[in-house]
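Chains as they are written, first to last, in my numbering: chain A, 1 to 328; chain B, 1 to 328; chain C, 1 to 328; chain D, 1 to 328. All residues carry an ideal CB built from backbone N, CA and C; glycine is no exception. None of these values were measured; they are calculated from a predicted model.
Protein chains: 4
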Amino acid sequence: MPNRIKKVAVLTSGGDAPGMNAAVRSVVRTCAYHGVECVGVYRGYQGMIEGDFKPMNARSVRGIINKGGTILKSARSKEFRTKEGREKAYQNIIKEGIEGIVVIGGDGSFTGALVFNQEYGFPVMGIPGTIDNDIFGTTHTLGFDTALNTVVDAIDKIRDTASSHNRLFFIEVMGRDVGHIALNTGIAGGAEEILIPEEDLGLERLKESLNKSRTSGKSSSIVVVAEGDKIGKNIFELKDYVDENLDGYDVRVSVLGHMQRGGSPSCFDRVLASRMGVKAVESMLNGESNYMVGLLNNKMELTPLEQAIKGKTKINLELLRVSDIMST
Amino acid sequence: MPNRIKKVAVLTSGGDAPGMNAAVRSVVRTCAYHGVECVGVYRGYQGMIEGDFKPMNARSVRGIINKGGTILKSARSKEFRTKEGREKAYQNIIKEGIEGIVVIGGDGSFTGALVFNQEYGFPVMGIPGTIDNDIFGTTHTLGFDTALNTVVDAIDKIRDTASSHNRLFFIEVMGRDVGHIALNTGIAGGAEEILIPEEDLGLERLKESLNKSRTSGKSSSIVVVAEGDKIGKNIFELKDYVDENLDGYDVRVSVLGHMQRGGSPSCFDRVLASRMGVKAVESMLNGESNYMVGLLNNKMELTPLEQAIKGKTKINLELLRVSDIMST
Amino acid sequence: MPNRIKKVAVLTSGGDAPGMNAAVRSVVRTCAYHGVECVGVYRGYQGMIEGDFKPMNARSVRGIINKGGTILKSARSKEFRTKEGREKAYQNIIKEGIEGIVVIGGDGSFTGALVFNQEYGFPVMGIPGTIDNDIFGTTHTLGFDTALNTVVDAIDKIRDTASSHNRLFFIEVMGRDVGHIALNTGIAGGAEEILIPEEDLGLERLKESLNKSRTSGKSSSIVVVAEGDKIGKNIFELKDYVDENLDGYDVRVSVLGHMQRGGSPSCFDRVLASRMGVKAVESMLNGESNYMVGLLNNKMELTPLEQAIKGKTKINLELLRVSDIMST
Amino acid sequence: MPNRIKKVAVLTSGGDAPGMNAAVRSVVRTCAYHGVECVGVYRGYQGMIEGDFKPMNARSVRGIINKGGTILKSARSKEFRTKEGREKAYQNIIKEGIEGIVVIGGDGSFTGALVFNQEYGFPVMGIPGTIDNDIFGTTHTLGFDTALNTVVDAIDKIRDTASSHNRLFFIEVMGRDVGHIALNTGIAGGAEEILIPEEDLGLERLKESLNKSRTSGKSSSIVVVAEGDKIGKNIFELKDYVDENLDGYDVRVSVLGHMQRGGSPSCFDRVLASRMGVKAVESMLNGESNYMVGLLNNKMELTPLEQAIKGKTKINLELLRVSDIMST
């Protein structure tokens, strides 16, 4: 391998997710293990444009595996969408002697990496970091498992008060385009109904479902709603609809919001991040480029970035059915 | 003691709070310890009106000390505010042989107890259960400590994402009339500013404070806002104000909502609930009535219900000062 | 389907695991969904022998999805290992009209089910419930994911104090025959070394590894040790070895113990349990018997009980390598 | 105030406790607020002897309020117990221009501070940081509340498995000389019996108590044992005693160990730490010395170090009684 890469950069980009720090740590330590230099880029692509680099070694990433957020910070960079911005970035990394980049982020971040690669032929590898689990080529994105536990913990708390007061709660969880978080946490939280973008249940069926639940003797109910659900304009309008169309419900709304993005990563996410970092760096050292690492059948696999961006992980229809049966 | 009470009822009323189940358990077991019968009343005063009673013994309350919510359920009863409603309730408890009632709830619930006592001379004792800590005669209400930990846990998570993205977060916590939750969690969560109903900081000072924090090099900020804060009409308007009047902030809002009421009670709340239940029952057996039990100087003390309702636990000014110094 | 099963029993057996209640709930509700009667058997096979049955419907399992332990209780039954015991059990279930049994437990429990099936031709289905993840035919057993998070949470706490005092901690985790818990939590907890039954590292290499970690500037260290590790006779002897053979270490031991078996199940375990219950009941209604349901490639699959018992899920060698690289 | 102190040092000493970082942060920020320089001393008194100092400002302590352990590290220093050691320490702090020291630790640490003050007339202030709550002059030491929640969480998990298997668990918690942790967590964890150093229950009464609990129909039991309990030589011998003297018990032992010292501090501990830091620094700036700050009647108060060391916070007898009643 005559032209093996001697210096790797790592950055986090897009919305942050638990496990990003564990992935940064893994990239840095895998570099150290192979005697390759490693540089952290701050604030994603914007930091590349501004030359915001910091050399990192095994000790730089000590004590971060259990921290939420990202020590490298993240930002969305408008400038990187311009040819001028990318040119600046390229000049900076060449000057720094960087020969490959590992990008931890979602599909927007991967698109940036791909364009950069197409323009400059620069080696890039992607690690899927987003709580939404909406990236093709991996059954789990970094942060998804942690976010599920955070949401379920909140639903458990809300159920305490819902059942003490015989209330109906609409709980909004993240997921603008995909219902993975809603579907899993709805099942785990014992929700009576789950509303996701992939399926327009219709207000009539929601009404029926709630009526059925009520007549079956349930005195409190939880409906988990994905942010991007298409059924109504928003969760507060759902409440209004039920207030007007169903008798005897004391309806409340809870929007879980940004706390879903934070928190110490779960064991699953820490192990996944560690595996992904190793795979990303070693693949790059083996001459690969333009791939995303992912978990498929419990193994680390590579998927071309182009596919990862275009594809979407579809909702598991089995889970929809399980949800229906569980709310019997 | 010739006329010692032989049968005690216990109910939970008003908004539920972590620790209510631990208090119910304590009331029931203290009755059992003293050979007194105990009856649980479901859904607060409404259950008294409807005769929704259930005999309880030491085993009925097994396994509930760590459960959020209230197994007796809670409800607000309009009917109990009428003379007719209270008459029905009285007839039911007389028929049941109940000779005293322990009411676990907030000041609204205590007002009901007091009126009932005034009308029928019926022995009542109050246990302060509400997360708001707004009741006079106790340094801590049941559920307050647990709610504080729930909120701080959420702030920690939000800070992860705030600092990854250099954002300003307004976080709304419970407290319509009092700022106890906001003040304590603001200090514990490392908030740059805390907005409480007791103090109208003014938008100008908020602006100054945020500017100061920014110029001191802080790239992310948390502002904790009590529900009932008077500074603006609501938290979303605060965001609009900052968007319009301060440059360079990426502002987000998070309303923590009902999950603050749920969750397994903290050690503090479980011990407090156990102590309060013992004190309430034993005081009643000793012939006391119309008192609320409370924690004062780490001891169980009695405060006349009338005082407990009228008074308010004031904000600790020392904490305001500590908050100022910490956000240096 | 002329002979479709009309009454199903469910029991939990062997060591309890988080998610068992969620699986019981799923079995019961899937039966209800299909109009099949369901009976809970208390204390595993012993309850079959003693006829300790209770009819269950959708409402019987309300509010248990988030509870650790098992509401059906578990026990090891010596009597069921005798022909007489099994005959008694058979007579009881026939009398009760039960036509199929779902067994939630580990390989010992499955062996019992298999023998019972061989003797009486009675339909049995297995759901793998054990924190050890040592059952062939599923990538995850029920409770494994929750136990991992419990252990990692404890390691995080111990690391706080380890690094404050520059100490070396040996932390013992469950896993008599397999190192799955140790390997995953060791990586996630940032352990310097992981000792598992599958690999005899040898005391010399442990010494070297600790020396290397020390010379690389680490002032505190965590070694995660599986219960069944072969390196030394036990974890306290490991401490003695280091005390005698390595200078400058302040060594401490922590045995995490039974708390690893408890706690509210993670989202992953709740969803897995829900899926497994549906699959087990529906397979049985479709005439299948003698299978264990499992998660393979993110799908529910059936594995013959015989294979599930004989096989062992092997340690993922990739994880061993990741662990080595991470402790660089 | 002509001779106001211009430079303050802060150190953590003895066993670490959650909230120590929050206290360090508070000391540093209060100094900054008053325009006083602040220096962190690493590894307690040993760092004073070795001159291991680091200037600290408001930014040095960013992001540590929620971290367990102590960023300043802690150590026990034999050298500081010698006159020569203390002389070296004195020379170092004089050279550094330090004019007062805030010591965060337990009574051993305070003794060191007192001797140092007596020998050199050097201003010292103490902040009680230890999970044991065994220091006179404060109702709560830093870390006590967090440790209680950690222990109760573990007991809850163990109870899940205890009640699934009808087992008796002996759970050992910290507390060599005092039973505060055992008493509070025993009540909160619903323990059937609590063994503390302050009270020798006697094996006979333990036996009776367990028998009573069994005959009352309880199938599982928890006994919380303080480390320093006098009843038997150790917790494993207690198990042996029950195995030999009581029928029908499946007994297990769990020693919670060092994880009790770690973890993110509770809201209570963070607020307490913030208040104590302010009080300690401001008292010192006001010319006070040789005091410990403490929480008495919900106010910050000063207690002479000498008293704090000699006195012990006694077990609250009311709690012992509550525990008895609860295990009815």
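Distance between residue j and residue i (C-alpha atoms, nearest Å)
i	j	result
Gly100 of chain A	Leu206 of chain B	45 Å
Glu318 of chain B	Ala280 of chain D	14 Å
Gly35 of chain A	Ile93 of chain A	19 Å
Ser266 of chain D	Val41 of chain A	34 Å
His258 of chain C	Lys239 of chain D	15 Å
Thr313 of chain D	Ser109 of chain D	17 Å
Gly121 of chain C	Gly137 of chain C	23 Å
Phe170 of chain D	Ser13 of chain C	23 Å
Ala9 of chain C	Leu114 of chain C	16 Å
Gly143 of chain C	Lys83 of chain B	54 Å
Thr139 of chain D	Val322 of chain D	19 Å
Thr328 of chain C	Val253 of chain C	23 Å
Ile127 of chain D	Ala58 of chain D	19 Å
Leu305 of chain B	Ala182 of chain B	26 Å
Leu295 of chain C	Leu302 of chain C	9 Å
Asp145 of chain A	Leu195 of chain A	20 Å
Gln118 of chain C	Val293 of chain C	19 Å
Tyr90 of chain D	Ser74 of chain D	19 Å
Asn133 of chain D	Leu210 of chain D	29 Å
Arg214 of chain A	Pro197 of chain C	52 Å
Ile309 of chain B	Gly105 of chain B	11 Å
Gly129 of chain A	Val61 of chain A	18 Å
Ser264 of chain A	Val278 of chain D	30 Å
Arg81 of chain A	Ile49 of chain A	11 Å
Thr161 of chain D	Arg43 of chain D	40 Å
For residue j and residue i, believed in contact at Cβ under 8 Å, the rounded distance
i	j	result
Val255 of chain D	Ile231 of chain D	Their Cβ separation, rounded to whole angstroms, is 16 Å, which puts Val255 of chain D and Ile231 of chain D out of contact at 8 Å.
Gly228 of chain B	Arg176 of chain B	4 Å
Met125 of chain D	Ser283 of chain D	6 Å
His180 of chain C	Asp250 of chain C	Actually they do not touch by this definition, with Cβ atoms about 30 Å apart.
Ile325 of chain B	Arg29 of chain D	6 Å
For residue i, the residue or residues it bridges with in DSSP
i	result
Arg252 of chain C	C:Phe169
Leu195 of chain C	C:Val225
Ile309 of chain B	According to DSSP, Ile309 of chain B bridges with nothing at all.
Run of the beta strand (DSSP E) containing residue i, from where it starts to where it stops
i	result
Ser136 of chain D	Per the sequence presented here, residue 136 of chain D reads as Phe, with Ser not at that position. Counting along the chain, Phe136 of chain D falls outside any beta strand (DSSP E), and DSSP gives it neither H nor E.
Ala9 of chain A	7 to 12
Leu302 of chain C	299 to 304
Gly126 of chain D	124 to 128
Alpha helix (DSSP H) segment containing residue i, residue limits
i	result
Phe236 of chain B	235 to 245
Met292 of chain D	Careful: Met292 of chain D lies outside any alpha helix (DSSP H), inside the beta strand (DSSP E) at 291 to 296.
Lys279 of chain B	267 to 285
Lys88 of chain B	83 to 96
Glu119 of chain B	107 to 120
Lys212 of chain B	203 to 215
Gly186 of chain C	180 to 188
Glu318 of chain B	317 to 326
Val28 of chain C	20 to 33
Mind checking the segment 62 to 95 of chain C against chain A and listing, in chain order, the residues whose C-beta falls within less than 7 Å of any C-beta there? Ile65, Asn66
Closer than 7 Å, Cβ to any Cβ of chain D: which residues of the segment 21 to 50 of chain B, in chain order? Listed in sequence order: Ser26, Arg29, Thr30, Ala32, Tyr33.
Select from the segment 134 to 158 of chain B all residues with a C-beta closer than 9 Å to any C-beta belonging to chain A, and list them in chain order. Hits within the stretch, in order: Thr150, Asp153, Ala154, Ile155, Asp156, Lys157, Ile158.
Chain B contacts from the segment 243 to 272 of chain A (Cβ-Cβ distance under 7 Å): Arg252, Ser254, Val255, Gly257, His258, Met259, Arg261, Gly262, Gly263
Of all the residues that make up the segment 184 to 218 of chain C, which are near chain A by a beta-carbon distance shorter than 9 Å? Asn184, Thr185, Ile187, Ala188, Gly189, Gly190, Ser216, Gly217, Lys218
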